[in-house]
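Chemist: Right, I'll just put the structure down here and ask away after.
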Amino acid sequence: MKTARIFDFEPDKLARTETAMWQAYYDRRPAKLFRLSVRLLQEQLGYGRARALYNAYRLTRAAFAFKVGRSRLDYEKALRWLVPFYQETHRLVKARWNPQEVAESELEWWIIHRHDFQPGQTASLEKALAKLCGLVYHLPESELSNYAHYRAEAMLLTDEGVRARENGENFKPQWSAIRAYLEKSYRDLSERLNRTPRETTNVKRILAVKLADLGDALLVVPALRALKQAYPAARLDVLTTETGQKALAGLPFIDNLIVFDKYLFDYPRQALMPRNLGRATGFLAQLRRENYDTTIFFHHFSLRFGILKYRAVAGVVGAKRNVGLHNGEPLANFLNVRVEDKGFGGEGLSERDYWRQLVEALTAAEPGRPFEYDSRPQIYLDQAARTKAQNLLAELRGNEPARPLVAIGAGGGGYTIARRWPAINYARLAQVLIEQKKARVVLLGTPGEFDLNEQIRTLAGEGNDIINLAGRTSEKEVTAFLAGCDLFIGNDGGLAQLAGVTGIPAVVVFGPTNATAWQPFGTEEGRVKIVQARMDLPCRPCLYRDKTLGSRLGCAARPCLTTITPQEILETINGLALSYKKESGAE
0 MKTARIFDFE PDKLARTETA MWQAYYDRRP AKLFRLSVRL LQEQLGYGRA
50 RALYNAYRLT RAAFAFKVGR SRLDYEKALR WLVPFYQETH RLVKARWNPQ
100 EVAESELEWW IIHRHDFQPG QTASLEKALA KLCGLVYHLP ESELSNYAHY
150 RAEAMLLTDE GVRARENGEN FKPQWSAIRA YLEKSYRDLS ERLNRTPRET
200 TNVKRILAVK LADLGDALLV VPALRALKQA YPAARLDVLT TETGQKALAG
250 LPFIDNLIVF DKYLFDYPRQ ALMPRNLGRA TGFLAQLRRE NYDTTIFFHH
300 FSLRFGILKY RAVAGVVGAK RNVGLHNGEP LANFLNVRVE DKGFGGEGLS
350 ERDYWRQLVE ALTAAEPGRP FEYDSRPQIY LDQAARTKAQ NLLAELRGNE
400 PARPLVAIGA GGGGYTIARR WPAINYARLA QVLIEQKKAR VVLLGTPGEF
450 DLNEQIRTLA GEGNDIINLA GRTSEKEVTA FLAGCDLFIG NDGGLAQLAG
500 VTGIPAVVVF GPTNATAWQP FGTEEGRVKI VQARMDLPCR PCLYRDKTLG
550 SRLGCAARPC LTTITPQEIL ETINGLALSY KKESGAE
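Using numbering that gives the first Met the number 0, the letters of the sequence shown correspond one by one to residues 0 to 586.
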């Protein structure tokens with residue numbers, strides 16, 4: 000099936016079928032309504048009959064779940080059927096929108112139509128209809144006002160007949176007028192689509208490679224967004240890890256996330272095990288079938304074994320363009336669109352700076368190709384994550400909503416414990432925050448950091464004023480939770496990056512790691528403050544140093560962390576404007 004299928008439709012034919020569907024619904028003829036739904040899917044999306052039947056069933060179940068609902072939580076049960084429908088449609092027509100986002104947008108106009116739609120008050124429904132159509136067809140909402148207005152007018156006429164029947168009046172909807180409005184709506188949409196110029200570029204199918212943990216995946220988001228803006232008609236797939244998927248899932252500019260367990264291939268002995276070789280061979284064959292024309296590697300090639308792995312990926316995928324950082328190693332010469340790797344933090348470059356340069360280098364190969372870069376962070380939070388976070392926040396704030404809520408991330412992720420500021424220091428800091436700032440302290444982290452947090456709670460000895468939430472929230476839930484806190488304090492790691500995304504003030508402790516390379520979002524404008532040892536340490540950073548990975552475990556003494564005192568952190572907090580206006584990247 001071709002991508003253009005959803006763009007090439009017959010407006011009047013669709014209007015006739017949809018009008019007949021509405022009439023079957025009004026006449027309470029479910030069998031006919033179902034048959035017409037099948038026909039509409041075949042006409043508009045090009046489904047075969049079997050697939051159209053199954054997806055019409057999904058839509059019917061969604062409509063029924065919504066119909067019997069009485070609250071928003073009830074209505075959201077329809078997403079169980081809407082999301083799979085849009086996922087399959089997304090895959091079949093090779094669309095560029097995000098299935099979850101489109102499903103939620105569909106449900107939103109259903110809710111508005113039920114509760115807020117009546118003559119003279121159509122603006123909210125028209126906006127919701129324009130948003131849904133804009134997502135599906137990649138058009139600005141401002142260009143879809145006529146499309147949305149005509150659909151809303153058709154709905155008004157139908158609702159008029161429904162209300163009259165409910166009141167016992169002998170009145171039927173004006174089906175000819177309804178059909179005319181739907182014809183105008185589809186004609187306007189078709190005109191807008193045909194007016195949009197088709198792109199001429201050789202970059203049509205992009206594979207972005209970012210096999211990384213949470214924090215690193217978050218840092219690549221602005222570059223991915225810029226990549227999609229530069230090539231809006233191209234398909235953008237991202238190859239990432241299971242953890243990386245949690246950071247990138249739901250972002251509207253990513254068409255498909257491909258998850259691969261790269262940790263099975265970190266070392267030669269693991270990678271060469273027959274079972275793992277078999278997995279890799281099948282997986283790479285699948286990538287080759289996607290016919291990517293461009294592969295962009297958002298990685299430093301610090302190890303020869305790593306270069307060999309990515310060189311193998313590039314060779315099997317077979318893209319004409321391989322974009323990446325080149326550090327002078329001949330094995331990396333498979334890259335034919337190159338940016339010089341000046342080392343981790345080299346010449347003041349952060350990881351985000353490097354990833355921006357890669358996209359800019361790709362666009363520079365096509366004269367006249369526009370390049371725009373927005374450095375703001377972005378993460379998608381579903382309603383379930385928001386609801387859980389809101390419940391946790393309400394529970395913790397209780398009857399003291401004005402009391403400061405301070406989140407602490409004393410771990411730093413599973414890659415290395417060398418990043419951890421001593422637990423006793425966090426305990427002392429928590430004591431001062433509780434006693435002097437009247438704060439409630441929440442210790443966040445992974446299940447593996449639960450014992451660390453318990454140690455801090457025991458050392459602090461502050462009872463109910465310090466709570467351990469390690470392992471109780473997913474990545475999305477903890478992001479939504481952080482957005483409701485007043486301050487974050489923690490080590491370099493995924494939680495620090497999430498705090499930067501949410502827009503809250505933060506203090507981040509950097510010890511053996513590279514603060515220039517991994518500075519969180521918000522550092523530039525002063526909302527996030529980095530604290531490092533004040534003494535001159537020529538060995539710092541020892542992790543991610545120059546063009547090498549450095550020492551993963553650091554040294555035993557770790558003066559880069561042990562010389563930082565709780566008082567220094569408190570001084571930084573006092574100098575940080577806690578009233579800083581939040582500009583969150585969570586959506």
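For each residue, glycine too, the CB sits at the ideal point set by N, CA and C.
Assuming E476 is part of the alpha helix (DSSP H), what are its boundary residues?
Modeler: Numbered from its first residue, the sequence shown carries residue 476 at position 477. Here the alpha helix (DSSP H) through E476 covers 474-482.
Chemist: The ligand NAP and A388: does the residue's C-beta get closer than 7 Å to at least one heavy atom of that ligand?
Modeler: With respect to the ligand NAP, the structure offers nothing, as it holds no ligand at all.
Chemist: Rounded to a whole number of angstroms, what is the C-alpha to C-alpha distance between F33 and F8?
Modeler: On the sequence shown, position 34 is the one that residue 33 refers to. On the sequence shown, position 9 is the one that residue 8 refers to. Those two C-alpha atoms are separated by around 21 Å.
Chemist: Starting from E523, trace the alpha helix (DSSP H) in both directions and tell me its first and last residue.
Modeler: As a working mapping, residue 523 is identified with position 524 in the sequence shown. No alpha helix (DSSP H) contains E523, which DSSP labels as neither H nor E.
Chemist: On the CB-based measure, 16 or more other CB atoms within 10 Å of its CB, does S141 come out buried or exposed?
Modeler: For the purposes of this step, residue 141 is taken as the residue at position 142 of the sequence shown. Exposed, by the Cβ-count rule.
Chemist: Are A77 and F65 close, meaning C-beta to C-beta below 8 Å?
Modeler: If you number the sequence shown from 1, residue 77 lands on position 78. If you number the sequence shown from 1, residue 65 lands on position 66. The answer is yes: Cβ separation under 8 Å.
Chemist: I think R544 touches F343, with their Cβ atoms under 8 Å apart; what is that distance to the nearest whole Å?
Modeler: In the sequence shown, counting from the first residue as 1, residue 544 sits at position 545. In the sequence shown, counting from the first residue as 1, residue 343 sits at position 344. Rounded, the Cβ-Cβ distance is 7 Å, consistent with contact.
Chemist: Which full runs of the alpha helix (DSSP H) of 4+ residues lie inside the region 294-343, going along the chain?
Modeler: 303-316
Chemist: Mapping DSSP to helix, strand and coil, what is N255?
Modeler: Taking the sequence shown and counting its residues from 1, one reaches residue 255 at position 256. Reduced to three states, the DSSP call for N255 is strand.
Chemist: Quick one: which unbroken beta strand (DSSP E) runs of 3-plus residues sit fully inside the region 196-276? Chain order, please.
Modeler: 204-209, 234-239, 255-258
Chemist: Using the Cα positions of G460 and A422, report the straight-line distance between them to the nearest angstrom.
Modeler: Locating residue 460 in the sequence shown gives position 461, counting from the first residue. Locating residue 422 in the sequence shown gives position 423, counting from the first residue. CA-CA distance, G460 to A422, rounds to 13 Å.
Chemist: Three or more C-beta pairs under 8 Å: does that hold for the region 488-495 against the region 388-399?
Modeler: no
Chemist: Looking at C-alpha atoms only, which residue of K203, Q173, A222, A216 is the closest neighbour of D352?
Modeler: Your numbering for residue 352 matches position 353 in the sequence shown. The candidate whose alpha carbon is nearest that of D352 is A222.
Chemist: Quick one, which of G133, A248, S36, T200 has its alpha-carbon nearest E474's?
Modeler: Reading the sequence shown from its first residue, position 475 is the one you call residue 474. Comparing Cα-Cα distances from E474 to each of G133, A248, S36, T200, the minimum goes to A248.
Chemist: Which of the three DSSP states, helix, strand or coil, is assigned to R471?
Modeler: Within the sequence shown, residue 471 is the residue found at index 472, counting from 1. R471: coil per DSSP, three-state reduction.
Chemist: Do W354 and V237 have their CB atoms nearer than 8 Å?
Modeler: Position 355 of the sequence shown, counted from the start, is the residue given in the question as residue 354. Position 238 of the sequence shown, counted from the start, is the residue given in the question as residue 237. No, Cβ-Cβ distance for W354 and V237 is not below 8 Å.
Chemist: Assuming V527 contacts P519 under a Cβ cut-off of 8 Å, what Cβ separation, rounded to an integer in Å, is found between them?
Modeler: In the sequence shown, the residue the question calls residue 527 occupies position 528. In the sequence shown, the residue the question calls residue 519 occupies position 520. With a Cβ gap of about 5 Å, V527 and P519 count as contacting.
Chemist: Strictly by DSSP, which residues pair up with K528?
Modeler: In the sequence shown, the residue the question calls residue 528 occupies position 529. Answer by DSSP bridge pairing, in chain order: V506.
Chemist: Just the Cα atoms here: how many angstroms apart are M154 and S184?
Modeler: Your numbering for residue 154 matches position 155 in the sequence shown. Your numbering for residue 184 matches position 185 in the sequence shown. Roughly 12 Å separates the two Cα atoms.
Chemist: Measuring straight from C-alpha to C-alpha, what distance separates Y53 and L442?
Modeler: Sequence index remark: in the sequence shown, residue 53 carries index 54 (1-based). Sequence index remark: in the sequence shown, residue 442 carries index 443 (1-based). The alpha-carbon atoms of Y53 and L442 are separated by roughly 47 Å.
Chemist: Once DSSP output is grouped into helix, strand and coil, what is the label at F487?
Modeler: As a first step, residue 487 is located in the sequence shown; it is residue number 488 there, counting from the start. Strand.
Chemist: Could you check what DSSP says for T280 in three-state terms: helix, strand or coil?
Modeler: As a position in the sequence shown, residue 280 is number 281, starting the count at 1. Residue state, collapsed to three classes: helix.
Chemist: Note down the Cα distance separating R57 from E87, rounded to an integer number of angstroms.
Modeler: Translated into positions along the sequence shown, residue 57 becomes position 58. Translated into positions along the sequence shown, residue 87 becomes position 88. Spanning the two alpha carbons is a distance of roughly 11 Å.
Chemist: What is the rounded straight-line gap between the Cα of E107 and the Cα of T59?
Modeler: Locating residue 107 in the sequence shown gives position 108, where the first residue counts as 1. Locating residue 59 in the sequence shown gives position 60, where the first residue counts as 1. Looking at the two C-alpha atoms, the distance is approximately 17 Å.
Chemist: Grab the span of the alpha helix (DSSP H) containing T59 for me, first residue to last.
Modeler: The residue given as residue 59 occupies position 60 in the sequence shown. Going by DSSP, T59 is part of the alpha helix (DSSP H) stretching over 48-66.
Chemist: Count the other C-beta atoms from every protein chain shown that fall within 10 angstroms of the C-beta of T280, then say buried if there are 16 or more, exposed otherwise.
Modeler: Taking the sequence shown and counting its residues from 1, one reaches residue 280 at position 281. Its Cβ having fewer than 16 others within 10 Å, T280 is exposed.
Chemist: Out of G408, L206, R533, point me to the one whose CA is closest to T562's CA.
Modeler: Here the question's residue 562 lines up with position 563 in the sequence shown. With distances taken between Cα atoms, T562 lies closest to R533.
Chemist: In the DSSP assignment, find the unbroken alpha helix (DSSP H) run with Y543 in it and report its ends.
Modeler: By 1-based counting over the sequence shown, the position of residue 543 is 544. Looking at the DSSP string, Y543 is not in any alpha helix (DSSP H); the run it does join, the beta strand (DSSP E), is 542-544.
Chemist: In its own chain, which residues sit with a C-beta less than 7 Å from the C-beta of P267, not counting the 5 before and 5 after it?
Modeler: By one-based count along the sequence shown, residue 267 stands at place 268. The answer, listed in chain order, is F304.
Chemist: To which residues does DSSP link T547 through a beta bridge?
Modeler: Residue numbering aside, residue 547 sits at position 548 when the sequence shown is read from its first letter. Looking at the DSSP assignment, T547 forms a beta bridge with R544.
Chemist: Looking only at its own chain, which residues have a Cβ that is under 6 Å from the Cβ of A479, when we skip the five neighbours before and after it?
Modeler: Here residue 479 refers to the residue found at position 480 of the sequence shown. For A479, where only same-chain residues beyond five positions count, the Cβ hits under 6 Å are L380, A384, R385, A388.
Chemist: Per DSSP, V500 is paired with what?
Modeler: Sequence index remark: in the sequence shown, residue 500 carries index 501 (1-based). Paired residue(s): none; V500 is not in a bridge.
Chemist: Indicate whether the contact test is met: 3 or more Cβ pairs, each with one atom in the region 226-242 and one in the region 187-194, closer than 8 Å.
Modeler: Cβ pair count under 8 Å is below three, so no.
Chemist: Measure the C-alpha to C-alpha separation of W21 and F170 and round it to an integer number of angstroms.
Modeler: One-based indexing of the sequence shown puts residue 21 at position 22. One-based indexing of the sequence shown puts residue 170 at position 171. About 16 Å.
Chemist: Using the rule of at least 16 other Cβ atoms within 10 Å of the residue's Cβ for burial, across every protein chain shown, is V202 buried or exposed?
Modeler: Within the sequence shown, residue 202 is the residue found at index 203, counting from 1. Classification for V202: buried.
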